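Q:
2 protein chains.
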Amino acid sequence: MLDLRHTLRRPVRMTPKEPVARCGDLTLSYEQLYERVSRLANGLLSLGLEKGDRVAVLALNCHRFLELYYGTMFAGLAIVPLNVRWGAQEFAFALSDCRPKVFALDATVYEHLKPYIEQLKFLGVERFLFLGEEQEGVPEGMIAYEKLLQSASPEDPDIDVHEEDLVGLFYTSGTTGNPKGVMLTHKNLMMNAYHAQIAFEFRDERTYLHAAPMFHLADGAATFTVTWNGGIHAFVPRFDPEAVLKAIERYRVTSVTLIPTMINWLLNHPGVERFDLSSLQKIMYGASPMPVDRLKEAMKVFRCKFQQGYGMTEAAPLVTVLTAEDHERALAEGREGILSSAGRPIAGVEVRVVDDEGRDVGVGETGEVLVRGPNIMKGYWNRPEETQEALRGGWYHTKDMARWDEEGYLYIVDRKDDMIITGGENVYSTEVEEVLYRHPAVLEAAVIGVPDPDWIQAIKAVVVLKEGQSATERELIEHCRQHLSPYKVPKSVDFVKELPKGGTGKILKSVLREEYRRRYGSQES
Amino acid sequence: MLDLRHTLRRPVRMTPKEPVARCGDLTLSYEQLYERVSRLANGLLSLGLEKGDRVAVLALNCHRFLELYYGTMFAGLAIVPLNVRWGAQEFAFALSDCRPKVFALDATVYEHLKPYIEQLKFLGVERFLFLGEEQEGVPEGMIAYEKLLQSASPEDPDIDVHEEDLVGLFYTSGTTGNPKGVMLTHKNLMMNAYHAQIAFEFRDERTYLHAAPMFHLADGAATFTVTWNGGIHAFVPRFDPEAVLKAIERYRVTSVTLIPTMINWLLNHPGVERFDLSSLQKIMYGASPMPVDRLKEAMKVFRCKFQQGYGMTEAAPLVTVLTAEDHERALAEGREGILSSAGRPIAGVEVRVVDDEGRDVGVGETGEVLVRGPNIMKGYWNRPEETQEALRGGWYHTKDMARWDEEGYLYIVDRKDDMIITGGENVYSTEVEEVLYRHPAVLEAAVIGVPDPDWIQAIKAVVVLKEGQSATERELIEHCRQHLSPYKVPKSVDFVKELPKGGTGKILKSVLREEYRRRYGSQES
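Chain order of the listed sequences is A and B. Add 850 to the 1-based position in the first sequence for our numbering, that's all there is to it. Add 850 to the 1-based position in the second sequence for our numbering, that's all there is to it.
Dropping the structure here:
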């Protein structure tokens, strides 16, 4: 039986006195964490929660978030980590979808959410758990987290668990309006722990920094593996370059997961060289490949291994990895193209790239990425039809478009939904965006298809310019014409101050398309 | 879904042209092996076999044995690797127990088995598959393996598989008369592949030598992991010191699994220093710890890492590992006691040591080893009661007696059934044996309990003396008295020429007890 509790119970047995968490000035040992997790589990059960009930968590990174991951699991409950960047609409949808009995939130979040608390109750939330130090003011009607722990038994409740039981519901912003709750089981997350162990060669890790948000599996990919290895979790409440650099120095951090934008921010941070970053052994990054120049610079500044992971919540999340050796080889052999790939399928996970008829495409041809393995989700909460559609034929259909090279490296080309069909030709939006990014005045760019009487869809670029820089529509179109086939060149360019973004800083082209669809007053995108 | 076929399909996709098998002068590439495995699967299916049917294999080590492991799996059949050391009684029992439709055997085995072929048919075997080169004489009525492959389709049949489907039945000589068929599934063996990958740090392995018999999971612990890593399998037909040393030199072998007796034989082999063993990176050994002096000598001669695994067929098989670091640390820090332990539980497997009431014992106390994990067998074939007994409470009851030390190292003390209760005191037979082994004239020793009117059981030592050496009963008893508490000293010593042994060279005390039970004419042991 695959039981995710094993990732905590094992090091508790092996190294009970060793530190497991460093949060601000607090240090917890494995036996202390185990006791707090057991108390939390018993405390939640004492509130009347039953196996399978959901516990929503909305919080910045801290040791209590880690305790909540384990505490819900040890109580047989399902955690629902919510995105701190969500708007009211998304919260309302997710909460009415999963109906958590308990909603855990910290002081920072509470300040923002105060006006809506009554509405949350209306959505079925019965209890609020306030995450904070004992002495802090606990809002009326809320349960103090530390008090709940104090009053509960310190014994592991050791409930019966089946490997297909839910550990969590992870909401993912789909391309279609409402977020979907990805159901991940003990088996899914335990198998990802094995996969991360092997693919990222977790072994000499001592201290892992939670710098990316803990509600997201980009950071969560490593969480259970770090514990399993008897490592230490360090935390910064939210990503902030100065805070991250300070934490690396203070806690002697050995590994961290970042998204490329965050690496960028660290590189651009004035005085990055003031910090002692010599403890760093590896930076894992994901969500997207990095521009080669930035990567080279990062490797120079941070002087550690770089590993890129590609995956998605539905795969719990790891699918492919561009290993540290791949990075070194690419630079040593002058084959930098590999650095723009997502790496190769990790051991344990099968990947196919197929055409519209479900046939494997040849090397260099583009198709949809399908994934199979013990890590693939049980399904979407409350969505049997979308589950069946996504998992048809026993493979998870990612809607990512990609191609293989001769050596089995996978290149993500675009989201299937972001592909534009214009005048009968397929255009991958990312290809056009890459050209736009090369223009010195462009800070951010998103390319979408908009309704057009002649072309069905016409290519539109939506661009944010760098501060103090300028460029005209004609100039950018001319720039594209120099680097792209004529049919790939945008027909129009709009300039905006900001692009819509998701939890990890990804530009949400779906939201953009929706805006333009409304603006054009059409059902077609 | 956990699918053991993945261990072959993955490297076929990643490195199709690389070698996977070296057997005599033959080298097979991954795509060649994949084709042969697919042909074998289709060939077996063309004989009318259906999902779940058993295929018995009785053969010395060779690439065809590897093909049979994969070929049966790709056809949805269950392999039943039989022990080449078995006698007629055990064969008869196992075959009538599992009723294989096909019996695969090689020329060497055939020579021994010829007189019994008709009786095998009587036991339900319908077809015989003769493993040999095409040109060799195939006995009448038998199917030539190579011809079967030639006539079958080279396409992977890609049948539907469930992770709980059987991959094989592995007969294990229990302590109670007849062997039991351990049912191992895709999930069990795939999880062991993950475990071996992590615990043995399989990564830089290139060439693994099958020196121990392939029908046994001591060797099989690494088989699927080697393939999964894109490594090379090299083979010697059976363990022979000269052949093994030659093979290491010839194939530039990097890793091998041996049992301590085999390491001993290699060390004692005249002219071991003539061979170029510089390619060796690690020796995995198991079935029992090694005497510290021999281990030190082995580390000096082979100049590579040593890793000890403890496990059993029911656990597919790995449970604990004494890592290479453990070995180095023990020697560097002068803490050689650790070398007599079985190491610590591997990541993914839970181990408890419990008393007769099922309570965890404290450090230093002896109890039975219980094991839980995704690697634990589905059960014993045709034996629901013994299955329930062995797996009661969700834990596999190993019948191994052991104790923990403060650092979580596990020391196997004895088999539960080998423990002697004499005058109300527990005596662990191995402790007495270890003392006997220290006597210069003793080659082998087995200590058992025999019926006794006063003591219920009295301690008897059965001893094989070294050639040219002599010792009397009184002398050995006196030797024991100097090193053991009085109640642990044997009451009598018998001298024999040979002790009964199992497939891996383990002394079968169960057989010995049975002999004495008959001799004493009692039902008590």
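For each residue, glycine too, the CB sits at the ideal point set by N, CA and C. Please read these numbers as outputs of a predicted model, since none were measured by experiment.
1. Mapping the DSSP letters down to three states, classify A:Met-923 as helix, strand or coil.
2. Can you find a CB in chain A that lies within less than 7 Å of the CB of B:Met-1033?
3. Using the beta-carbon of each residue, which ones in chain A are nearer than 7 Å to B:Asp-852?
4. If distances are taken between C-alpha atoms only, which option among A:Thr-1170, A:Val-1103, A:Ala-1072 and A:Asp-1304 comes closest to A:Ala-1084?
5. Should A:Met-992 be flagged as near chain B, meaning a C-beta pair shorter than 7 Å?
6. Run through chain A and tell me which residues come within less than 8 Å of B:Tyr-1044, C-beta to C-beta.
7. Strictly under 7 Å for the Cβ-Cβ distance: is B:Gly-1258 near chain A by that measure?
8. Can a CB atom of chain A be found closer than 7 Å to the CB of B:Met-1064?
9. Suppose the cutoff is 7 Å on Cβ atoms and the five residues either side in sequence are ignored; what does the same chain contact list for A:Met-923 look like?
10. Note the first and the last residue of the continuous beta strand (DSSP E) segment covering A:Lys-1338.
11. Only counting the same chain, and skipping five residues up and downstream in sequence, which positions put a Cβ closer than 7 Å to that of B:His-1247?
12. Opposite A:Phe-941 in the DSSP bridges: which residues?
13. Quick check on B:Lys-901: does DSSP put it in helix, strand or coil?
14. Excluding sequence positions up to five away, which residues of its chain have a Cβ less than 6 Å from the Cβ of A:Pro-1004?
15. So with Cβ pairs under 7 Å, would you call B:Met-1134 a contact of chain A?
16. Any beta carbon from chain B within less than 7 Å of A:Ser-1375's own beta carbon?
17. Output needed for B:Trp-1305: all residues of its chain with C-beta closer than 8 Å, excluding positions within five of it in sequence on either side, in chain order.
18. Indicate whether at least one CB of chain B lies closer than 7 Å to the CB of A:Met-848.
19. Cα-Cα, which of A:Phe-1152, A:Arg-949, A:Ser-1001 and A:Pro-1224 is closest to A:Glu-976?
20. Measure the alpha-carbon distance for B:Phe-972 versus A:Leu-1034 and round it to whole angstroms.
21. Under 6 Å Cβ to Cβ from A:Met-1041, same chain only, skipping five residues before and after it: list those, please.
22. The ligand GDP and A:Leu-1315: does the residue's C-beta get closer than 6 Å to at least one heavy atom of that ligand?
23. Assuming A:Pro-1167 contacts A:Leu-1067 (C-beta within less than 8 Å), just tell me the rounded distance between them.
24. For B:Thr-1025, name the three-state secondary structure that DSSP assigns.
25. Looking at the strands, I want to know which residues DSSP matches up with B:Lys-1155.
26. Give a yes or no on whether the C-beta atoms belonging to A:Leu-981 and A:Ile-993 are separated by under 7 Å.
27. Quick check on DSSP: helix, strand or coil for A:Trp-1078?
28. How is A:Arg-860 classed by DSSP in three states: helix, strand or coil?
29. What residue range does the beta strand (DSSP E) around B:Phe-1050 cover?
30. Using a Cβ-Cβ cut-off of less than 7 Å, give me the residues of the region 1230-1262 of chain A that come near chain B, in sequence order.
31. Is the Cβ of A:Met-1269 closer than 7 Å to any Cβ of chain B?
32. Which first and last residues belong to the alpha helix (DSSP H) in which B:Gly-893 is found?
33. Alpha carbons only, please: which of A:Gly-893, A:Asp-1008, A:Val-1171 and A:Glu-1364 is nearest the one belonging to A:Ile-1298?
34. Flag B:Met-864 as yes if its beta-carbon sits less than 7 Å from any beta-carbon of chain A, otherwise no.
35. Are B:Val-1378 and B:Asp-1344 closer than 7 Å when you measure CB to CB?
36. Measure from the alpha carbon of B:Pro-861 to the alpha carbon of each residue in B:Asn-1079, B:Gly-937, B:Ala-1174 and B:Trp-1245, then state which is nearest.
A: Reading off the structure:
1. Stepping through the first sequence from its first residue, residue 923 of chain A is reached at position 73. Reduced to three states, the DSSP call for A:Met-923 is helix.
2. Taking the first residue of the second sequence as position 1, residue 1033 of chain B is located at position 183. For B:Met-1033, the answer is no, since every Cβ of chain A falls outside 7 Å of its Cβ.
3. Sequence index remark: in the second sequence, residue 852 of chain B carries index 2 (1-based). The amino acid at residue 852 of chain B is misidentified as Asp; the sequence shows Leu. Within 7 Å Cβ-Cβ: Pro-1224.
4. In the first sequence, counting from the first residue as 1, residue 1084 of chain A sits at position 234. Taking only the C-alpha atoms, the option nearest A:Ala-1084 is A:Val-1103.
5. Mapped onto the first sequence, residue 992 of chain A falls at position 142. By this cut-off, A:Met-992 is not an interface position.
6. Looking up residue 1044 of chain B in the second sequence gives position 194. The answer, in chain order, is Tyr-1044, Ile-1048 and Gly-1198.
7. The residue you call residue 1258 of chain B lines up with position 408 of the second sequence. Interface with chain A (7 Å Cβ-Cβ cutoff): B:Gly-1258 is included.
8. Position 214 of the second sequence, counted from the start, is the residue given in the question as residue 1064 of chain B. No, because no Cβ of chain A sits closer than 7 Å to the Cβ of B:Met-1064.
9. Locating residue 923 of chain A in the first sequence gives position 73, counting from the first residue. If we look at A:Met-923 and ignore the five residues flanking it on each side, its Cβ neighbours are Leu-854, Arg-855 and Val-1017.
10. Residue numbering aside, residue 1338 of chain A sits at position 488 when the first sequence is read from its first letter. Note, A:Lys-1338: premise wrong, no beta strand (DSSP E); not H, not E.
11. Residue 1247 of chain B sits at position 397 when you count from the first residue of the second sequence. Excluding sequence neighbours, B:His-1247 sits near Glu-1218, Leu-1220 and Ala-1240.
12. Here residue 941 of chain A refers to the residue found at position 91 of the first sequence. None, per the DSSP bridge assignment.
13. Position 51 of the second sequence, counting from 1, holds the residue named residue 901 of chain B. Looking at B:Lys-901 - three-state DSSP - the assignment turns out to be coil, as it is neither helix nor strand.
14. Within the first sequence, the letter at position 154 stands for residue 1004 of chain A. Excluding positions up to five away in sequence, the list reads Glu-885, Ser-888 and Arg-889.
15. By 1-based counting over the second sequence, the position of residue 1134 of chain B is 284. For B:Met-1134, the answer is no, since every Cβ of chain A falls outside 7 Å of its Cβ.
16. For this step, residue 1375 of chain A is matched to residue 525 along the first sequence. A caution first: A:Ser-1375 carries a pLDDT of 38, below 50, which makes its placement in the model too unreliable to give a value.
17. Your numbering for residue 1305 of chain B matches position 455 in the second sequence. Taken in chain order, the residues that qualify are Thr-1272, Gly-1273 and Lys-1341.
18. Outside the displayed span of chain A (851 to 1375) sits residue 848 of chain A, for which this structure offers no information.
19. Residue numbering aside, residue 976 of chain A sits at position 126 when the first sequence is read from its first letter. Here the closest residue by C-alpha is A:Arg-949.
20. Here residue 972 of chain B refers to the residue found at position 122 of the second sequence. Here residue 1034 of chain A refers to the residue found at position 184 of the first sequence. In a straight line, the C-alpha of B:Phe-972 is about 51 Å away from that of A:Leu-1034.
21. In the first sequence, counting from the first residue as 1, residue 1041 of chain A sits at position 191. So the list reads Pro-1224 and Asn-1225, once near-sequence residues are dropped.
22. In the structure on display, the ligand GDP does not appear, and there are no ligands present to speak of.
23. The count along the first sequence starts at 1 and reaches residue 1167 of chain A at position 317. The count along the first sequence starts at 1 and reaches residue 1067 of chain A at position 217. Right, the Cβ-Cβ distance comes to about 4 Å (below 8 Å), so this counts as a contact.
24. In the second sequence, counting from the first residue as 1, residue 1025 of chain B sits at position 175. Bear in mind that a pLDDT of 49 at B:Thr-1025, under 50, signals an unreliable position, so the number given afterwards is only what the model happens to contain. In this structure, B:Thr-1025 counts as coil in the three-state DSSP scheme.
25. Locating residue 1155 of chain B in the second sequence gives position 305, where the first residue counts as 1. Answer is B:Lys-1132.
26. In the first sequence, counting from the first residue as 1, residue 981 of chain A sits at position 131. In the first sequence, counting from the first residue as 1, residue 993 of chain A sits at position 143. No, these two residues do not count as a Cβ contact at 7 Å.
27. By 1-based counting over the first sequence, the position of residue 1078 of chain A is 228. Note: A:Trp-1078 maps to helix in three-state DSSP.
28. As a position in the first sequence, residue 860 of chain A is number 10, starting the count at 1. Helix at A:Arg-860.
29. The residue given as residue 1050 of chain B occupies position 200 in the second sequence. Per DSSP, B:Phe-1050 belongs to no beta strand (DSSP E) and is neither H nor E.
30. Gly-1258
31. One-based indexing of the first sequence puts residue 1269 of chain A at position 419. No, A:Met-1269 does not count as interfacial toward chain B.
32. What you label residue 893 of chain B is simply residue 43 of the second sequence in a count that begins at 1. Counting along the chain, the alpha helix (DSSP H) containing B:Gly-893 begins and ends at 880-896.
33. Indexing the first sequence from 1 puts residue 1298 of chain A at position 448. Of A:Gly-893, A:Asp-1008, A:Val-1171 and A:Glu-1364, the residue nearest in Cα terms is A:Glu-1364.
34. Stepping through the second sequence from its first residue, residue 864 of chain B is reached at position 14. It does; some Cβ of chain A falls within 7 Å.
35. This structure does not reach residue 1378 of chain B, given that chain B is present from 851 up to 1375, and the question cannot be answered.
36. For the purposes of this step, residue 861 of chain B is taken as the residue at position 11 of the second sequence. Measuring from the Cα of B:Pro-861, the nearest candidate turns out to be B:Asn-1079.
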